[in-house]
Amino acid sequence: MILPIRTSVRPRKPPYANYALITVNVLIFLITYSPHYSVMGGVRVLEPLRAAAYQFMLTPARPELWQFVSYAFLHGSVMHIFGNMFFLYLFGNNVNDRLGTIGYLCFYLAGAVFSGIGHILVGGGNVLGASGAVAAVTGAYLVLFPQTLITVIYWFIFIGTMDLPALYFIIFKLIFWDNVLERRIPNVAYDAHLAGYAFGVAAMLLMLATGLLAGGGFDLWAMMKQWNRRRRYRDGVSGGADPFTGRTGTRRIKVKEIKQTSAQQQQQKKLATLRDQIGTFITRRNLPDAAKAYLQLMSLDSKQLLPRQNLLDIANQLASENMPAESAYAYEQFLTHYANYEYVEQVELMLGVLYSRYLNKQALAVKHLKAAAEKLSDPGQLKMCRDELAKLQT
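Each residue of the sequence shown is one higher than the one before, counting from 61 in the numbering used here.
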């Protein structure tokens, strides 16, 4: 059993629209939920809603226009409303942050409509619940934040937590496993979920591709464009074309051979081995060993640079292991080479705290804390940043 509990990214400003949607869903649930038994054909049947609420369910036999929205605000049990609102809170806050209040509300309602249409097209029965709209929000998160990490709690023989990349967790666990392979739970609108995911992914990709939504450089559309550039480069090189001049045909290029000493060759092998180990450890979410390998790598060559997310994970791990000097060096590396990171202010805040509280470097602490204070939107983080600055400047 695997359940996501948090993401590695936080909204830069309060997601009021998402809070409002959760509140409205809960209020409507409290008003309409009234479990009782009724007799149908001589059989006692458990009815979850008050009689007046059933007209707002989506009834594919004779659907009314308003039902394509109203059905998404009805829920048939406490676990039904809790599960949907939990996932809406988990993924919706950051999507709300990117789309804005009005854009997010319109997107959420459109997700409900399209998931309802998908449910009807495959011949589904009467349906209620926000899961289709929540699936659309989750699909949007997949496109907008594919490189973030999702912390999940697992329990099989053992109970524990691990961090998984959002791209793979949402695609393989939430979409493929839960809604394609494991369709065992009765009375679950799996096809409405799939329609919601499809709408969320397609809508966000379209908005990014057309410029209606500004890309952050780390979204799925940016990843696809980068992949396409690499593919064209490989195709051009394999076809005999010079990717820089556009000329085709075979060209002889004189390459000056640089001879390495035996010691240099050995060091290069060690560096390559350590980089491979770090990549393997992080893939397996073994961050303590990845951090150890990183420190060995830095002792051999302090100019070695890791991929953006790997370096950030290791810097966080070193900080959690109470290694302030080493983690500060990793964070400084990150800022030097990945200054366009969309949540760089949180790295600045972490560095400022490390320099202030643990390394006694007040000038550097003030520099990074001031940089963080200009961009931080989380009230708690901003207060901590300002309090730390006040201590340093008194």
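Every residue gets a Cβ at the ideal spot worked out from N, C-alpha and C, and that includes glycine.
Keep in mind it's a predicted model, so treat the numbers as computed, not measured.
Taking 8 Å as the upper bound for CB-CB distance, Gly171 and Gly271 are not in contact here, some 22 Å apart. Look at the segment 76-112 and you find these whole runs of alpha helix (DSSP H), each 4 residues long or longer: 76-92.
Taking the C-beta atoms as reference points, Pro75 is found no nearer than 8 Å to Phe229. For Trp215, the three-state secondary structure derived from DSSP is strand.
Nearest Cα to Leu202 within the set Ser437, Trp287, Met139, Phe232: Phe232. For a cut-off of 8 Å, the C-beta gap from Asn78 to Leu148 is around 7 Å, short enough to register as a contact.
In the structure shown, Asp223 falls within a strand segment according to DSSP collapsed to helix, strand and coil.
DSSP places Ile177 in the uninterrupted alpha helix (DSSP H) bounded by 161-181. Remark: fewer than three beta-carbon pairs, one from each stretch, lie closer than 8 Å, so the segment 186-197 and the segment 206-218 are not flagged as touching.
Looking at the DSSP output, Pro64 shares a beta bridge with Val212.
With contacts defined as CB atoms closer than 8 Å, Arg104 and Tyr114 fail to qualify as a contacting pair. Closest option to Leu409, judged by alpha-carbon separation, among Ala425, Ile177, Val129: Ala425. Of the candidates Met61, Lys73, Leu365, Gly192, Lys73 places its Cα closest to the Cα of Gly440. Between Gln326 and Leu347, the gap from beta carbon to beta carbon reaches 8 Å or more. Nearest to Trp281 by alpha-carbon distance, out of Arg291, Arg292, Arg290, Leu266, is Leu266. Ranked by Cα distance from Leu109, the options Ile91, Ala433, Arg417, Phe394 are led by Ile91. Ranking Val248, Val86, Ala351 by CA distance to the CA of Phe133 puts Val86 first. Within the same chain, Phe133 come within 8 Å of Val84 by CB-CB distance, once the 5 residues on both sides are set aside. Under the criterion of beta carbons closer than 8 Å, Ile338 and Ala350 qualify as touching, at roughly 5 Å.
Membership of Ser130 in the alpha helix (DSSP H) is indicated by the continuous run 127-130.
By the C-beta density criterion, Met145 is buried, having at least 16 other C-beta atoms within 10 angstroms. When Met139, Pro206, Ile374 are compared, the shortest CA-CA separation from Phe278 is found for Pro206. In the displayed model, Leu118 falls within a strand according to three-state DSSP. Annotation for Phe232: no alpha helix (DSSP H) segment contains it, and DSSP assigns it neither H nor E.
According to DSSP, Val187 shares a beta bridge with Leu118.
DSSP places Leu436 outside both helix and strand once states are collapsed to three, so it counts as coil. Excluding five sequence positions before and after Val197, the CB atoms of its chain that fall closer than 6 Å to its own CB belong to Phe151, Gly152, Val155, given in chain order. In the DSSP assignment, Ala255 falls within the alpha helix (DSSP H) that extends over 250-270. For Thr321, no alpha helix (DSSP H) encloses it, and the DSSP letter there is neither H nor E.
The C-alpha of Asp223 is placed about 27 Å away from the C-alpha of Arg244. Gly199 sits buried, since 16 or more C-beta atoms from the chains shown fall within 10 Å of its C-beta.
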